[in-house]
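A.B. asks:
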Amino acid sequence: MTAMTTGNTSRADANRRRILDVALAELLRDPDASMDQIARAAGVVRRTVYGHFPSREALISTLVDEAVAALADADARARDGVTDPAEAVARSVLAIGEIADRYRLLIALAQRTVTVQGIRERLAPLRAGKVELLQHGLDQGVFSSPLPAPALAYVHEQMIMAVMEAVNDGLLAAQEAGRSATVTVLTAAGVPASTATELVARVSEGK
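The sequence shown lines up with residues 205 to 411 when you count with this note's numbering.
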């Protein structure tokens, strides 16, 4: 009985994961994708999708929560043990670029089911870490900006979103987005463009 229950649970977990993965792809392709579309793409009946997620809003909320958690984890791992503020920023933005689909999902949904403000609220802990990092860089003279660290963190966040939107709109190749966003963010913090470009190249090649 226990083995049967475990097997059923494993299948249910696998189905749930598949639905989420397919929903991510479908919503990136069409932010207005319905539950029926997602079910067909996942190869399951609509009832199965609703068995895991009682509404489209619940499904999207789960995807957004996963995206935010993935971004926070990528940021923490990228900056772990890095003492230079500029390098820490570079590694963080590059790491986010590696999971760009999740970031792009946040953008694609921002004006729909999940509001921009809602996304900003979910990203608040990640932003707080960035504010601390930027303040450290400003105090050290690594960064130079007329903006205080909290405002600069907000500008950086919007810049990354804008680069990802450019990918969404076909204005920038996805493989270029990470480096482009990183150089843009560093220069906005007062790092000379040539220095930022060299730093991003060094960090990227060192991975």
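No residue lacks a Cβ here, since even glycine has one placed at the ideal position from N, Cα and C. This one's a predicted model, so the numbers in the text were calculated from it and none came from an experiment.
Pull up the distance between the alpha-carbon of Gly394 and that of Phe347, whole angstroms please.
C.D. replies: Roughly 5 angstroms separates the two Cα atoms.
A.B. asks: Within 10 angstroms of the Cβ of Ala381, are there 16 or more other Cβ atoms? Answer buried if so, exposed if not.
C.D. replies: It counts as buried.
A.B. asks: With three or more beta-carbon pairs closer than 8 angstroms as the criterion, would you say the stretch 261-274 touches the stretch 354-364?
C.D. replies: Taking 8 angstroms as the limit for Cβ pairs, the verdict is that the stretch 354-364 does not touch the stretch 261-274.
A.B. asks: From the DSSP output, in three-state form, read off Thr287 for me.
C.D. replies: Coil at Thr287, not helix or strand.
A.B. asks: Rounding to the nearest angstrom, what Cα-Cα distance links Ala237 and Gly345 in this structure?
C.D. replies: The straight-line gap from Cα to Cα measures roughly 47 angstroms.
A.B. asks: Can you have a look at Ser296 and say buried or exposed, based on whether 16 or more other CB atoms are within 10 angstroms of its CB?
C.D. replies: By the neighbour-count rule (16 or more Cβ atoms within 10 Å), Ser296 is buried.
A.B. asks: What residue ranges within the stretch 332-397 form continuous beta strand (DSSP E) runs of no fewer than 3 residues, ordered along the chain?
C.D. replies: With a minimum length of 3 residues, no continuous beta strand (DSSP E) run stays inside the stretch 332-397.
A.B. asks: Return the Cβ separation of Leu313 and Ile242 in integer angstroms, given the expectation that the two are a contact with Cβ distance under 8 angstroms.
C.D. replies: Between Ile242 and Leu313 the Cβ distance is about 14 angstroms, and since that is not below 8 angstroms, they are no contact.
A.B. asks: For Gly341, which of Glu361, Thr287, Leu376, Thr266 has the nearest alpha-carbon?
C.D. replies: Of Glu361, Thr287, Leu376, Thr266, the residue nearest in Cα terms is Thr287.
A.B. asks: Any idea what DSSP makes of Asp236, helix, strand or coil?
C.D. replies: Asp236 falls in the coil class under three-state DSSP.
A.B. asks: Just how far apart, CA to CA, sit Ala299 and Asp279?
C.D. replies: Approximately 7 angstroms, taken between the alpha carbons.
A.B. asks: Taking the alpha helix (DSSP H) that Val253 falls in, what are its first and last residues?
C.D. replies: Where Val253 is concerned, the enclosing alpha helix (DSSP H) stretches over 250-256.
A.B. asks: Below 6 angstroms CB to CB, which residues in the same chain sit around Val371 once its five sequence neighbours on both sides are set aside?
C.D. replies: Excluding positions up to five away in sequence, the list reads Ala378, Ala381.
A.B. asks: Leaving out five residues before and five after Met205 in sequence, what residues of the same chain have Cβ atoms less than 6 angstroms from its Cβ?
C.D. replies: In this prediction, Met205 has a pLDDT of 46, which is less than 50 and means its spatial position is unreliable; nothing more can be read from the coordinates.
A.B. asks: Look at the Cβ atom of Ala282, then the Cβ atom of Met368, and state whether they are nearer than 9 angstroms.
C.D. replies: No, the pair does not count as a contact, with Cβ atoms beyond the cut-off.
A.B. asks: Report the option in Ala405, Glu261, Arg222, Glu302 whose CA atom is closest to the CA atom of Arg244.
C.D. replies: Checked all of Ala405, Glu261, Arg222, Glu302; the closest Cα to Arg244 is Arg222.
A.B. asks: Between which residues of its own chain and Pro289 is the CB-CB distance below 8 angstroms, once the five residues before and five after are set aside?
C.D. replies: Leu337, Leu338, His340, Gly341, Gln344, Val346, Phe347.
A.B. asks: Between the Cα of Tyr307 and the Cα atoms of Val226, Ala218, Met365, which residue gives the shortest distance?
C.D. replies: The shortest C-alpha separation from Tyr307 is found at Met365.
A.B. asks: If you drop the 5 nearest sequence neighbours on each side, which residues of the same chain put their C-beta closer than 7 angstroms to that of Arg215?
C.D. replies: Excluding sequence neighbours, Arg215 sits near nothing in its chain.
A.B. asks: Considering only C-alpha positions, which residue in the set Met363, Arg331, Ala397, Leu327 is nearest to Ala353?
C.D. replies: Measuring from the Cα of Ala353, the nearest candidate turns out to be Arg331.
A.B. asks: Beta-carbon separation of Ala294 and Thr391 under 9 angstroms?
C.D. replies: Cβ distance not < 9 angstroms, so Ala294 and Thr391 don't count as in contact.
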